[in-house]
């Protein structure tokens, strides 16, 4: 039954079978040719603006496996703090069936994945990426997947405050 009551604020979308398809098809703010251009720019130039647009695109789709490919390139080939941060987030999300990122899940992933994720967070912190530093501080202050180390957390906090 189609909802025709225009005063009903509970129903934002019409009751039509193709509504879900429309939502999926328009999930990205970018079209296919733009996405291909962003990918090319990341691979060939390490373009940070293109990378941010890929983060938006793949983040909206919760496609961390695809985002991971470009995050690794940015982190390894171009020493990008954002690349390191997104590599960390992607590793955790991929260990959650590619569904979501939650920092507390660092404690739940296998040791190899945890080691790899932390390696990129540490690299990003050395590159003075504030997001990586803030996450490391949180991880050590709260003992998320690692032994709690308040002194290390305080040292990171002091470095952030001095930036």
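Residue numbers (the numbering used here): 7 to 169. We put the beta carbon where it would ideally sit given N, CA and C, even for glycine. This structure is a prediction, so every number in the text was calculated from the model and none was measured.
When the Cα of residue i is compared with those of the options, which residue comes out closest?
i, options, result
"residue 123", "136, 152, 134 and 148", "152"
"residue 95", "132, 85 and 78", "78"
"residue 76", "49, 67, 62 and 68", "49"
"residue 84", "102, 51 and 68", "51"
"residue 140", "115, 114 and 167", "167"
Please list, in chain order, all residues of the same chain as residue i whose beta carbon is under 8 Å from its beta carbon, the five residues on each side excluded.
i, result
"residue 156", "146 and 147"
"residue 35", "62, 63 and 66"
"residue 68", "99, 104, 105 and 106"
"residue 40", "59"
Go ahead and pull the three-state DSSP assignment for residue i.
i, result
"residue 50", "helix"
"residue 67", "coil"
"residue 36", "coil"
"residue 87", "helix"
"residue 80", "helix"
"residue 74", "helix"
Grab me the residues of residue i's own chain with a C-beta within less than 7 Å of its C-beta, minus the 5 sequence neighbours each way, in chain order.
i, result
"residue 91", "130, 135, 137 and 138"
"residue 72", "64"
"residue 93", "74, 77, 78, 81 and 126"
The ligand ADP and residue i: does any heavy atom of the ligand fall closer than 6 Å to the residue's C-beta?
i, result
"residue 122", "Looking at this structure, you won't find the ligand ADP or any other ligand, since it has none at all."
Can you check whether the CB of residue j is closer than 7 Å to the CB of residue i?
i, j, result
"residue 110", "residue 162", "no"
"residue 143", "residue 159", "yes"
"residue 87", "residue 127", "no"
Ordered along the chain, which non-local residues of its own chain (more than five positions away) have a Cβ less than 6 Å from that of residue i?
i, result
"residue 70", "96, 99, 100 and 104"
"residue 47", "53 and 56"
"residue 89", "77, 80 and 81"
"residue 121", "none"
"residue 114", "none"
"residue 4", "This structure cannot speak to residue 4, because the chain is shown only from 7 to 169."
As an exercise, report each continuous alpha helix (DSSP H) stretch of at least 4 residues that is fully enclosed by the segment 92–157, in chain order.
117–132 and 136–148
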